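**Student:**
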Amino acid sequence: MSFDAPVAAARRALEEAGLLREDAGLLCAVSGGSDSVALLHALCRLRAEAGFRLEACHVQHGLRGEASLEDERFVRALCASLNVSLHVEDAGLTGGMDAPGVEARARESRRAIFARLMDALGMDAVLAAHHRDDQAETVLMRLLRGAGADGLCGMRSCVPFGRGVMLRPFLGIGKGELARALAAEGLSHREDESNQSPVTPRNALRLEVIPAMERLFPGAPARIAEAAETLDADARCLDALAERLYEAALAGLPPLSALRRGVLAQAPDALARRVLRRWFREGAALLGPPPDERALGHGDTLKLAALVRAAAGETHNLPCGLKAVAGRKYLYLLTQEGGPLRPETAVCLPVTAGERAYALGFVRLRQIPAGPDAPSPAHAGEAVLSPAVLALGPVLRRPHPGDRIRPMGAPGAKPLRRFLTDRHVDPPLRPYLAVLAVGNEVLWIPHLCASERLRLTAVPGGSVRLLAAPPDPFR
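Residues in the sequence shown are numbered consecutively from 4, following the working numbering.
1) Buried or exposed: Phe-173, going by 16 or more other Cβ atoms within 10 Å of its Cβ?
2) Whole angstroms is fine: what's the gap from Gly-464's alpha carbon to His-319's?
3) With C-beta atoms as the reference, is Ala-329 less than 9 angstroms away from Arg-264?
4) What residues in its chain sit with their C-beta under 8 angstroms from that of Leu-241, if we drop five residues either side in the sequence?
5) Rounding to the nearest angstrom, what Cα-Cα distance links Arg-369 and Val-467 in this structure?
6) Please list the terminal residues of the continuous alpha helix (DSSP H) segment that includes Val-40.
7) What is the DSSP secondary structure of Lys-178, reduced to helix, strand or coil?
8) Decide if Asp-122 is buried, meaning its Cβ has at least 16 other Cβ atoms within 10 Å, or exposed.
9) In the structure shown, what three-state DSSP assignment does Ser-454 receive?
10) Going by the beta-carbon positions, is the gap between Met-144 and Arg-205 smaller than 9 angstroms?
11) What are the partner residues of Met-169, as DSSP defines its beta bridges?
12) In the DSSP assignment, the alpha helix (DSSP H) including Tyr-361 goes from what residue to what residue?
13) How many angstroms separate the CA atom of Ile-448 from the CA atom of Thr-424?
14) Are Pro-476 and Leu-439 close, meaning C-beta to C-beta below 9 angstroms?
15) Tell me the residue span of the alpha helix (DSSP H) that contains Glu-111.
16) Does DSSP put Glu-385 in a helix, in a strand, or in coil?
17) Relative to the C-alpha of Leu-29, which residue among Val-10, Ala-187, Leu-399 and Met-169 is closest?
18) Exposed or buried, Arg-312, counting other C-beta atoms within 10 Å across all chains shown (16 or more means buried)?
19) Can you list the beta strand (DSSP E) stretches of 3 or more residues lying completely in the stretch 238-274, in chain order?
20) Let me make sure I understand the geometry here. Which of Leu-352, Leu-325 and Pro-353 has the alpha-carbon closest to that of Arg-345?
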């Protein structure tokens with residue numbers, strides 16, 4: 004195999020991503036193995052044509068003693084010979100190649116390093132040298148974990164990553180082909196001896212399972228990669244349909260992450276599950292950079308889908324320290340401690356005479372002068388405050404411990420906590436309601452209730468009207 008094929012694959016990947024241009028910044032991940040060395044050489048040849056900025060990153064895992072240091076020395080010399088700036092980063096791992104979960108920890112560490120470097124260097128893309136054999140191993144690993152269509156697509160050649168994208172130009176080329184292309188050019192590379200020991204599940208697949216498949220079905224890795232490519236085309240079609248469903252189901256209830264149960268219940272299962280998996284993935288990303296394979300397994304996906312039709316109050320713990328809670332109208336995604344995924348600062352907004360707008364979580368309010376002949380509020384989405392009420396110094400805020408409310412027409416006050424329970428307000432919503440209050444007396448909860456103190460027999464001059472804009476989370 005000539006070196007034309009790796010160069011052509013890299014060219015195609017950059018063209019499709021719109022990055023084969025002079026002002027692009029590319030970061031190449033270089034381990035020293037044949038695949039990453041071939042990628043770096045291919046990019047250097049394209050750099051001579053297109054003039055883009057090219058830098059490299061070598062992650063020192065430190066798991067193989069002196070051999071790891073030899074890899075680093077090789078990569079340093081290689082980059083110096085190619086006039087490529089190199090960044091060597093320590094993965095901060097402990098133990099050896101046979102330590103439990105070492106593959107996943109190494110992968111997460113690499114991804115975090117790549118994302119940080121992309122940001123620090125202003126890069127548009129990080130390029131990884133995953134090849135066709137890696138793709139076959141990935142598909143088999145995910146199949147054995149019970150992955151659905153998304154997982155069985157394997158790795159995609161271009162995915163959003165960090166401040167730009169991650170490109171994998173070599174998914175259509177086998178590892179042996181890359182090694183032969185290097186040999187034909189007289190280019191050296193390093194061999195990782197740990198790859199020849201079945202100390203990890205992926206190594207065992209590579210050394211024992213795939214060779215057995217190859218004997219029974221010659222060309223098996225290539226056929227697996229082709230199947231993944233076919234599934235990827237199907238998955239992209241479903242993704243487009245699921246995108247519309249996601250937009251319809253997503254509820255605007257900040258700081259809460261919530262989906263409308265009714266919208267999901269009416270959708271085909273295949274689309275609803277894709278929406279739920281995306282919802283989980285985006286929620287997990289809010290808690291930190293997600294690793295490449297952070298996705299729901301089959302069992303968790305089914306349990307999450309069951310919550311769409313479950314009784315209000317049912318919950319299910321999810322990976323990454325998350326849990327889903329079924330409300331009356333919504334599914335909520337929370338931390339397992341019950342908090343929102345986005346932190347919120349305390350809010351206290353004084354209400355005085357005049358005209359203004361407020362935003363408090365998912366409630367948006369408009370305040371206007373009521374006028375001398377304004378009618379009394381027509382529904383719970385508006386309130387009229389007399390000068391006497393304004394003189395008390397009401398504020399818009401979140402509920403506080405000890406709050407009480409006397410609903411209009413009620414004989415007396417009750418704790419706000421008990422009132423919200425009686426009205427079946429979803430527990431995740433309660434801390435993030437907007438309430439108009441004086442001290443611990445709640446005067447109004449937009450869309451839900453006005454207090455007896457707001458009852459008007461007339462609307463004297465100087466009063467103001469508060470109008471709550473949708474969404475209304477209680478309908």
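In this text, a Cβ means the ideal position worked out from N, Cα and C, and glycines have one as well.
On a predicted model such as this, the values are computed, not experimentally measured, just so you know.
**Tutor:** Result, derived from the coordinates:
1) buried
2) 53 angstroms
3) yes
4) Ala-152, Ala-273, Leu-274 and Arg-277
5) 10 angstroms
6) 37-53
7) helix
8) exposed
9) strand
10) yes
11) Val-129 and Val-162
12) That residue, Tyr-361, is in no alpha helix (DSSP H); its beta strand (DSSP E) goes 359-363.
13) 14 angstroms
14) no
15) 105-124
16) strand
17) Met-169
18) exposed
19) 260-263
20) Leu-325
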